[in-house]
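K.L.:
Below is the structure I would like to discuss, written out as structure tokens.
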Ligand SMILES: [Zn+2]
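Numbering (the working numbering), first residue to last: 37 to 555.
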């Protein structure tokens with residue numbers, strides 16, 4: 037995810053950091069009267085009723101908040117308490133104004149990147165484009181794509197736009213396929229990151245008085261942006277990380293944790309581990325909201341997460357290259373994830389032709405940080421397959437929405453001439469009660485033929501008879517065959533036997549695939 041700064045440095049009036057850049061004055065709102073706007077009780081499963089969004093937006097009634105002094109922050113927090121949006125002025129900007137702001141910021145980041153990075157300047161020279169060529173938002177298509185390989189080639193700082201004296205944190209991608217890519221972060225970007233995450237957490241219904249347990253991994257890479265975002269909004273955080281699940285479960289129950297963020301598979305894992313101790317997190321805890329990301333999960337997973345954890349489950353999207361969480365998140369309408377588009381420009385393209393696809397049509401997401409002052413993250417190809425829509429949302433936010441990630445353009449497996457996405461397999465598996473929470477596709481070439489092996493974790497594996505396992509394997513295989521056209525060999529495993537993604541990285545589906553073919 038990107039280190040995006042919110043553009044206050046450019047002197048525009050759209051700056052969105054809401055006055056917290058001075059440091060620690062935010063987050064002092066404990067016990068404020070966060071309110072229950074009428075008609076806003078949806079989205080909460082038990083617990084208190086301080087609500088998520090209602091139908092109507094509170095618009096810009098509060099105006100810009102904050103001011104960098106404690107009194108201002110407290111007043112801002114009080115004014116903000118009953119709002120639907122954390123940052124209404126920017127979250128509900130008229131689409132035309134939002135696009136105008138995007139263009140203005142795009143022009144600025146491209147000019148700055150060409151001025152401060154010899155590597156980026158050379159990329160633009162090769163593409164035959166100059167900053168002055170960016171006259172409309174469509175002109176973004178004249179700019180070169182940025183690929184992961186280019187990030188690696190410029191390791192460690194080729195795309196950095198500032199000196200170390202301006203860097204306050206360094207993050208990193210996971211580096212699973214090579215050296216990790218360092219992501220340099222300035223103060224402005226850190227504030228912008230916190231703001232975007234604060235907007236997301238507020239959008240899904242968290243308010244001061246909630247307690248958020250962050251069960252993404254800490255370290256490199258990290259999803260610490262969720263912590264920064266919560267604190268920016270005055271919401272308490274338990275920075276629990278992952279591992280030591282007994283402790284994580286105790287914290288949730290004993291501290292009265294009301295919200296959990298983690299990967300969907302780790303959330304289910306915690307629920308299962310709690311059950312083994314006779315604790316039903318759905319009923320024996322105060323959990324009411326869950327934010328799940330770093331792994332793609334199907335719509336059918338929502339009911340499962342709700343049943344296991346007792347939470348209203350929301351989806352979020354982020355990529356390590358853009359710092360992680362805080363790029364896009366579902367609102368209570370739950371029909372796509374709002375992209376914080378005053379900070380990020382997202383395109384949806386046909387991965388083959390690289391031309392834009394129609395509104396809501398499937399395509400690959402390409403990301404530009406519109407406010408970064410420390411790295412040139414411009415037209416970065418995510419290879420995540422999704423869709424994009426600027427259609428108005430009933431929640432009142434104007435920022436466009438991306439659809440659920442359904443696969444990766446570089447993860448589409450061609451097996452025996454058929455294109456298979458891991459997400460299609462997952463859709464089949466979740467229909468079976470016996471399905472645990474994880475699976476892996478192993479593709480091999482045997483005697484010049486592609487062979488797909490589907491490894492699946494099965495609930496109650498040890499209790500199943502050999503016959504029962506064989507019957508279940510046949511049922512699963514025929515379900516997959518009916519959906520993707522390929523009959524897999526089946527390998528059933530005990531719960532949690534397969535490797536899983538827990539780092540909070542936006543690796544989407546790729547860890548589900550083990551392609552052992554030589555070419
Ligand atoms: Zn919405």
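Positions of the beta carbon are idealized from the N, C-alpha and C atoms, including for glycine.
Listed by chain order, which residues have C-beta atoms less than 5 Å from any heavy atom of ligand 1?
P.N.:
367, 369, 429, 431, 433
K.L.:
In whole angstroms, give me the CA-to-CA distance for residue 324 and residue 248.
P.N.:
The residue labelled residue 324 in the question sits at position 288 within the chain shown. The residue labelled residue 248 in the question sits at position 212 within the chain shown. Taking the straight line from one Cα to the other gives about 10 Å.
K.L.:
Determine the DSSP secondary structure at residue 413, reduced to helix, strand or coil.
P.N.:
Mapped onto the chain shown, residue 413 falls at position 377. Three-state DSSP puts residue 413 in coil, outside helix and strand.
K.L.:
Does the distance from the C-beta atom of residue 534 to that of residue 378 stay below 8 Å?
P.N.:
Counted from its first residue, the chain shown places residue 534 at position 498. Counted from its first residue, the chain shown places residue 378 at position 342. No, they are not a contact pair.
K.L.:
Mark residue 351 as exposed unless 16 or more other C-beta atoms lie within 10 angstroms of its C-beta, in which case mark it buried.
P.N.:
By 1-based counting over the chain shown, the position of residue 351 is 315. Residue 351 comes out buried.
K.L.:
Let's test the definition: count the other Cβ atoms within 10 Å of the Cβ of residue 498 and tell me whether it reaches 16, buried, or not, exposed.
P.N.:
As a first step, residue 498 is located in the chain shown; it is residue number 462 there, counting from the start. The residue in question, residue 498, is exposed, as its Cβ has fewer than 16 Cβ neighbours within 10 Å.
K.L.:
In or out: residue 427 buried (at least 16 other Cβ within 10 Å) or exposed?
P.N.:
The residue you call residue 427 lines up with position 391 of the chain shown. So residue 427 ends up on the exposed side.
K.L.:
Compute the distance between the beta-carbons of residue 433 and residue 390, then report whether it is under 8 Å.
P.N.:
Along the chain shown, read from residue 1 onward, the residue named residue 433 stands at position 397. Along the chain shown, read from residue 1 onward, the residue named residue 390 stands at position 354. No; because the gap between Cβ atoms is not below 8 Å, this pair is not in contact.
K.L.:
Return yes when the Cβ of residue 414 is within less than 8 Å of the Cβ of residue 149, no when it is not.
P.N.:
Here residue 149 corresponds to residue number 113 of the chain shown, with the count starting at 1. Here residue 414 corresponds to residue number 378 of the chain shown, with the count starting at 1. It is a contact, given that the beta carbons lie within the stated cut-off.
K.L.:
For residue 374, which option in 115, 224, 233 has the closest C-alpha, if you only look at C-alpha atoms?
P.N.:
Within the chain shown, residue 374 is the residue found at index 338, counting from 1. The candidate whose alpha carbon is nearest that of residue 374 is 233.
K.L.:
So is residue 264 buried or exposed if we call it buried at 16+ other beta carbons inside 10 Å?
P.N.:
For the purposes of this step, residue 264 is taken as the residue at position 228 of the chain shown. When all chains shown are included, residue 264 counts as buried.
K.L.:
State the Cα-Cα distance for the pair residue 364 and residue 422, rounded to the nearest angstrom.
P.N.:
Taking the chain shown and counting its residues from 1, one reaches residue 364 at position 328. Taking the chain shown and counting its residues from 1, one reaches residue 422 at position 386. If you take the alpha carbons of residue 364 and residue 422, they lie about 12 Å apart.
K.L.:
Would you check if there are 3 or more beta carbon pairs closer than 8 Å linking the segment 510-526 to the segment 480-498?
P.N.:
yes
K.L.:
Quick one: complete beta strand (DSSP E) runs, 3+ long, within the segment 451-490?
P.N.:
454-456, 471-482
K.L.:
Could you tell me the alpha carbon to alpha carbon distance between residue 136 and residue 515, rounded to whole angstroms?
P.N.:
One-based indexing of the chain shown puts residue 136 at position 100. One-based indexing of the chain shown puts residue 515 at position 479. Taking the straight line from one Cα to the other gives about 48 Å.
K.L.:
Do residue 176 and residue 197 have their beta-carbon atoms positioned less than 8 Å apart in this structure?
P.N.:
As a position in the chain shown, residue 197 is number 161, starting the count at 1. As a position in the chain shown, residue 176 is number 140, starting the count at 1. No, these two residues do not count as a Cβ contact at 8 Å.
K.L.:
Nearest-angstrom Cα distance between residue 188 and residue 216?
P.N.:
Along the chain shown, one-based indexing puts residue 188 at 152. Along the chain shown, one-based indexing puts residue 216 at 180. The alpha-carbon atoms of residue 188 and residue 216 are separated by roughly 8 Å.
K.L.:
Within the continuous alpha helix (DSSP H) that includes residue 286, where are the two ends?
P.N.:
Residue mapping note: residue 286 aligns to position 250 of the chain shown, counting from 1. From DSSP, the alpha helix (DSSP H) with residue 286 extends over 281-291.
K.L.:
By the DSSP assignment, the beta strand (DSSP E) with residue 206 in it spans what residues?
P.N.:
The count along the chain shown starts at 1 and reaches residue 206 at position 170. Looking at the DSSP string, the run of the beta strand (DSSP E) that includes residue 206 is 203-208.
K.L.:
For the alpha helix (DSSP H) containing residue 520, list its first residue and its last residue.
P.N.:
The residue you call residue 520 lines up with position 484 of the chain shown. 502-520 is the span of the alpha helix (DSSP H), which, as asked, contains residue 520.
K.L.:
Should residue 496 go down as buried or exposed, given a rule of 16 or more other Cβ atoms within 10 Å for buried?
P.N.:
By one-based count along the chain shown, residue 496 stands at place 460. So residue 496 ends up on the exposed side.
K.L.:
What are the start and end residues of the beta strand (DSSP E) that includes residue 343?
P.N.:
Taking the chain shown and counting its residues from 1, the one referred to as residue 343 is at position 307. From DSSP, residue 343 is part of no beta strand (DSSP E) but of the alpha helix (DSSP H) over 337-345.
K.L.:
If you follow the alpha helix (DSSP H) that residue 165 is part of, which residue opens it and which one closes it?
P.N.:
Indexing the chain shown from 1 puts residue 165 at position 129. From DSSP, residue 165 is part of no alpha helix (DSSP H); its letter is neither H nor E.
K.L.:
Where does residue 350 fall in DSSP's three states?
P.N.:
Walking along the chain shown from the start, residue 350 turns up at place 314. Correct three-state label for residue 350: strand.
K.L.:
Count the other C-beta atoms from every protein chain shown that fall within 10 angstroms of the C-beta of residue 400, then say buried if there are 16 or more, exposed otherwise.
P.N.:
Here residue 400 refers to the residue found at position 364 when the chain shown is read from its first residue. By the neighbour-count rule (16 or more Cβ atoms within 10 Å), residue 400 is buried.
K.L.:
Scan the segment 219-302 and note each continuous beta strand (DSSP E) run of 3 residues or more that stays entirely inside, going in chain order.
P.N.:
With a minimum length of 3 residues, the continuous beta strand (DSSP E) runs that stay inside the segment 219-302 are 247-250, 272-274, 295-298.
K.L.:
With a threshold of 16 other CB atoms inside 10 Å of the CB of residue 331, please say whether the residue is buried or exposed.
P.N.:
Residue mapping note: residue 331 aligns to position 295 of the chain shown, counting from 1. By the 10 Å Cβ count, residue 331 comes out buried.
K.L.:
Please report the straight-line C-alpha distance between residue 58 and residue 118, rounded to a whole angstrom.
P.N.:
As a working note, residue 58 is residue 22 in the chain shown. As a working note, residue 118 is residue 82 in the chain shown. For residue 58, the pLDDT reaches just 34, beneath the cut-off of 50, and the residue's location in the model is therefore unreliable, although a value from the coordinates is still provided. If I take the Cα positions, the gap works out to 25 Å.
K.L.:
Along the chain, where does the beta strand (DSSP E) that runs through residue 359 open and close?
P.N.:
Numbered from its first residue, the chain shown carries residue 359 at position 323. Premise fails: residue 359 is in no beta strand (DSSP E) and is neither H nor E.
K.L.:
Name the DSSP beta bridge partners of residue 494, please?
P.N.:
As a position in the chain shown, residue 494 is number 458, starting the count at 1. Paired residues: 471.
K.L.:
Given this structure, state the Cα-to-Cα distance separating residue 270 from residue 243, to the nearest angstrom.
P.N.:
The count along the chain shown starts at 1 and reaches residue 270 at position 234. The count along the chain shown starts at 1 and reaches residue 243 at position 207. Cα to Cα, the separation comes out at about 8 Å.
K.L.:
Could you tell me which residues DSSP puts in a beta bridge with residue 421?
P.N.:
If you number the chain shown from 1, residue 421 lands on position 385. Answer is 400, 443.
K.L.:
Can you list, in chain order, the residues of its chain whose CB lies under 8 Å from that of residue 402, leaving out five sequence neighbours each side?
P.N.:
Counting from 1 along the chain shown, the entry for residue 402 is found at position 366. So the list reads 181, 382, 383, 384, 385, 415, 416, 417, 418, once near-sequence residues are dropped.
K.L.:
Enumerate in chain order the residues of its own chain whose CB-to-CB distance from residue 551 is below 6 Å, with the five nearest sequence positions on each side excluded.
P.N.:
Position 515 of the chain shown, counted from the start, is the residue given in the question as residue 551. Closer than 6 Å at Cβ, skipping near neighbours: 479.
K.L.:
If you draw a straight line from the C-alpha of residue 285 to the C-alpha of residue 465, how long is it?
P.N.:
Along the chain shown, read from residue 1 onward, the residue named residue 285 stands at position 249. Along the chain shown, read from residue 1 onward, the residue named residue 465 stands at position 429. Answer to the nearest angstrom: the Cα atoms are 27 Å apart.
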